[in-house]
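Peer 1: Can you keep this structure in mind? I'll have questions shortly.
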Amino acid sequence: MDTYFEYVRNANGLKIACEELSREPFLGLDTETSELDPYKGELRLVQLSSGRKTYVFDLLPFRAAGDLKSNGELAPLRRIFESETQTKILHNAKFDAKWIRHQLGSEIVNVFDTYLASQLIAAGDSERRHSLADVAQYFTQTTLDKTEQVSDWTREELSASQIEYAARDAAVLPPIYEQLAARLKADDLERVARLEFECVMPIAEMELSGFAVDKSRWQTQFARVTAAAAKAADELQDILSAGVSQASLFGRAEINLDSQQQVAEALRNLGVPMPESMRAWQLQPLAEKYPVIAKLLEYRVVQKAATSFGENFLEFIEPATGRIHADFRQIGAPTGRFSCSNPNLQQIPHETEYRSCFCVSENRNLVIADYSQIELRILAEFSGDEKFIEAFASDADFHRMTASQVFNVKPEDVTDDQRSFAKRLNFGIVYGVGASRFGMMTGLSQSDAETTMRRYFATYRKLDAYLRDSGNRVISERTARTASGRMLRLRFDENDRQSVGAARRYGVNMPIQGTSADILKRALRLLHDSIRGTSARLVNIVHDEVVVECDEGEAESTAEKLNKALSAAAEEYVKKVPIRVDVNLSHKWDK
DNA sequence: GTGAAGGGCCAC
DNA sequence: AAACGTGGCCCTTCAC
C-alpha cells in the first residue's frame, strides 16, 4: 500500500500529529498489543489514519515515565479518543476500547465499528466472514496480509515490516467505512448501527470489570456435585451391568455412561422399551416404571453440573482481578442477541447453590434488574391486540390473566391446569409452537391441544392475524426486521414445506427476540451514561437481565438509575403496552 | 493428536 | 398435516 505514514515515538511528535489529526472528522483507529488480554499484556502501538495520512504512535518510550494513565504527554491522543465530533472507525472496537480504557484511561466516544457494520449488512448470512481481511476484500477489494498480526510486539525495536503493517491496518479503515456507511444507509440499517456502536463501550467496560465469584463457595458446590455424580454413576453401573453376562465372571462390566450408544444398548439388554432419542423429555415417562431410567436421568443432571459447572469454571478467574472476565459477542446471534463464552455467564443454573457463588463483599452491592415478560409485551405491541395488551394492564399474574380470558372464567377461578396451558402457550407462540408439540408438553391429546390453541387464538384475534401476516410477509419478502431495523435475510427452498415452515417460524420469532435485544442494547447505553462517575459497574447481562455492582451507599440511587434506563429504553420501542422492570438489591446474584 | 459433527442440556 | 426460536459447553464418535 502506498499510504504515507509516520512513526511517532516522542511527546512533541505526538502533539504535532494530534493537532493535524484533530481536524479530521473520520479517523481509522487500531492498536497493536502484546497479548489478547489487557490484564496480561501491554498496549504497544496506537495507529490513527485519516485515510490519506497515517500515524503510528509507539507507547513504549512513554512507559519510561511510569503509568500511561497519568502521563500528561498523551493528553492530545486522549482528546481525539474522547472527541464527540470525530468518528473513530475501528474493526471490532471492543478489543481496542478495552486496552485504551484500561491502559490509557480513555473512553472511545463516537465509534463506527466495521466488524459490527459488516455483520448487520450480512443480515444473518452465515457464509459471510467478518475478519478485517474479509471485510476489506468484500467491500474495498483490497487484500490484506495479516502475518505480522501475531508477531512479537514487545521487542524494543519494531521491524519496518511491523510498523508498516500497523499503519496499513488503520489506513484501510476509512475507505471501508465509506463503503459500509453507504450500504447501511441503502439497507436502512443506520438506526440499528448506531444502537450497536453506542453499545461497544458499555460492553468493553463490562468485560474489564468482570463478575465477582466466590472461589471457595464454588469449590464446595462442585465437590458436592462431583460426589453426587460419582455415587449416581456407581449405582447406575450396578443396574446396567445386571443385563450383561460377563458381569458374574469379571465383576461389574463397566460401560461409558456418557456414551448414548453404550447406555442405549445396556438399556435394551435390560428390556427397556427405547424411545426415538435418549433425551430427557423422551425418557421421563419411562422413569416411573423403570428405576434404571430414573437413575440415568439423575446421573445426567449431576454429571452436567459437575462438568459444565465444575472446577474448570474457576480456571477463568483472572489472577490480576480475582474475577471472571467472560467474552461477550455483541451480535452473537442473527437476531441481535448477545452470546457469551469463556465462560458462558448466560447459562449459569438457577439453583441458589450456583447463583449465590456470584457475590460481593459487605460494602458492595449487586443491583439486579430484569424485564418482566419483555418478549410477550413486544408481541402484544406488534399485534396491537387490545385484549392481549389488557392482560398486561394490571400488575397481576400475566399467565393467570390470559387463562382467565381464554377460558372465560374469573381470574380467581382459573385452575392450575388452565394457567399452565396458558403459560405454555404464551411462551410457545413466540417460537411458533404447533399443536403436536403443545400437546406433547402439556400431556393433552392432539385434538385437545388443537382445541385449546383455537380457543387461544379466538380470544386474541389480532394476535393470530399478526402472526399469520408476519409469517406470510417473511416468506414473500424473504426478510424480517426488528423495531430498530435490524434485518435478517431468510434462505429457504420454496418447494420444501419443511424449509418454508422453518423459515416462517424463524422469521416470525426474529423481530420479537431481536427487538428484545435492541431494547437491552439501548438500555446499556443509557445506563452507561447515567452511572458515569459513580461506583456502579455493569458486570453481567442475560438477554433481559442486567447486573450492576456498586458501593453499598450508592445501591438505592443505582437501582433507580437502572430502573430508569431499562424503562426508558423499552419505551422507545414499546408504546402501547406497559413495561415492567423488576429491580432487586442483593449481595449475591440470587433473587 | 486434532477437529468437525452430533447428541444432550444449561440459559433466555 | 405437521414440525419451538437463540446461544455455548461437554462428551462421544469418526475421519484424517
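One gets the working numbering by counting positions in the first sequence from 1 and adding 999 to each. A virtual CB, placed ideally from N, CA and C, is assigned to each residue, including glycine.
(1) Quick check on the burial criterion: 16 or more other C-beta atoms within 10 angstroms. Buried or exposed for S1117?
(2) Pull up the DSSP beta-bridge partners for E1544, would you.
(3) Please tell me whether I1120 and R1216 are closer than 9 Å, where the distance is taken between their beta carbons.
(4) Judging by CA-CA distance, which residue of P1333, F1420 and S1556 is the nearest neighbour of E1126?
(5) Since R1485 and G1513 are thought to touch, with beta carbons under 8 Å apart, how far apart are those beta carbons, to the nearest angstrom?
(6) What residues in its chain sit with their C-beta under 7 Å from that of Y1572, if we drop five residues either side in the sequence?
(7) Is it buried or exposed, V1149, if we count other Cβ atoms within 10 angstroms and call 16 or more buried?
(8) Using DSSP's beta-bridge definition, name the partner residues of G1065.
(9) Please state if the CB of L1058 and the CB of L1073 are separated by a distance shorter than 9 Å.
(10) Identify, in the order they occur along the chain, each residue of the same chain with its Cβ nearer than 6 Å to the Cβ of H1090, setting aside the five sequence neighbours on each side.
(11) How would you call M1509, buried or exposed, if buried means at least 16 neighbouring beta carbons within 10 angstroms?
(12) Determine whether the beta carbon atoms of V1224 and F1308 lie at a separation below 9 Å.
(13) Have a look at A1402 and R1467 and give me their C-alpha separation to the nearest angstrom.
(14) Quick one: does the C-beta of E1018 sit closer than 8 Å to a heavy atom of the ligand SAM?
(15) With a Cβ-Cβ cutoff of 9 Å, do K1590 and I1330 count as a contact?
(16) Can you give me the C-alpha to C-alpha distance between S1469 and Q1085, rounded to a whole angstrom?
(17) Whole angstroms are fine: how far does the CA of S1033 sit from the CA of Y1353?
(18) Out of A1319, R1418, R1460 and K1575, which has the shortest C-alpha to C-alpha gap to K1039?
(19) Give me the Cα-Cα distance between D1416 and L1584, rounded to the nearest whole angstrom.
(20) For N1583, which three-state DSSP category applies?
(21) Taking the alpha-carbon positions, what's the V1007 to A1169 distance?
(22) Among D1095, I1347 and L1076, which one has its Cα closest to the Cα of V1541?
(23) Please specify which runs of the alpha helix (DSSP H), each continuous and at least 4 residues long, are wholly inside the region 1156–1207, giving them in chain order.
(24) Cutting at 7 Å between CB atoms, please list the residues of its own chain near E1297, excluding the five before and the five after it.
(25) Whether or not the region 1192–1203 and the region 1257–1271 are in contact is what I'm after, with contact meaning three or more pairs of Cβ atoms, one per stretch, closer than 8 Å; do they touch?
(26) Spatial neighbours of G1335 within its chain, please: C-beta separation below 7 Å, excluding the five flanking residues on both sides.
(27) May I have the straight-line CA-CA distance separating N1362 from T1351, to the nearest angstrom?
(28) To the nearest whole angstrom, what separates the beta carbons of V1212 and F1357, a pair I think is in contact under 8 Å?
(29) What does the alpha-carbon distance come out to for the pair A1558 and A1564?
(30) So, under 8 Å CB-CB, A1325 and S1338 are touching, yes? Tell me the CB distance rounded to an integer number of Å.
(31) Quick one: residues in its chain with C-beta nearer than 6 Å to the C-beta of I1015, no 5 flanking neighbours on either side, listed in chain order?
(32) Specify the secondary structure class of E1072 as computed by DSSP and reduced to three states.
(33) Mapping DSSP to helix, strand and coil, what is V1007?
(34) With DSSP run on the structure shown, which of helix, strand or coil describes E1570?
(35) Using the three-state DSSP reduction, which class does V1291 fall into: helix, strand or coil?
(36) Quick one: what's got a C-beta closer than 6 Å to D1384's C-beta in the same chain, skipping five residues either side?
Peer 2: Checking against the coordinates, here is how it stands:
(1) buried
(2) D1369
(3) no
(4) P1333
(5) 5 Å
(6) A1482, T1514, D1517 and I1518
(7) exposed
(8) Note: G1065 sits in no beta bridge, so no partner.
(9) yes
(10) T1113, Y1114 and L1131
(11) buried
(12) yes
(13) 22 Å
(14) Annotation note on the ligand SAM: not contained in the displayed structure, which lists no ligands.
(15) no
(16) 40 Å
(17) 35 Å
(18) A1319
(19) 34 Å
(20) strand
(21) 15 Å
(22) I1347
(23) 1159–1170 and 1172–1185
(24) A1231
(25) no
(26) T1481, R1485, G1513, A1516 and D1517
(27) 22 Å
(28) 6 Å
(29) 10 Å
(30) That pair is no contact at about 10 Å.
(31) none
(32) helix
(33) strand
(34) helix
(35) helix
(36) Y1459, K1461 and L1462
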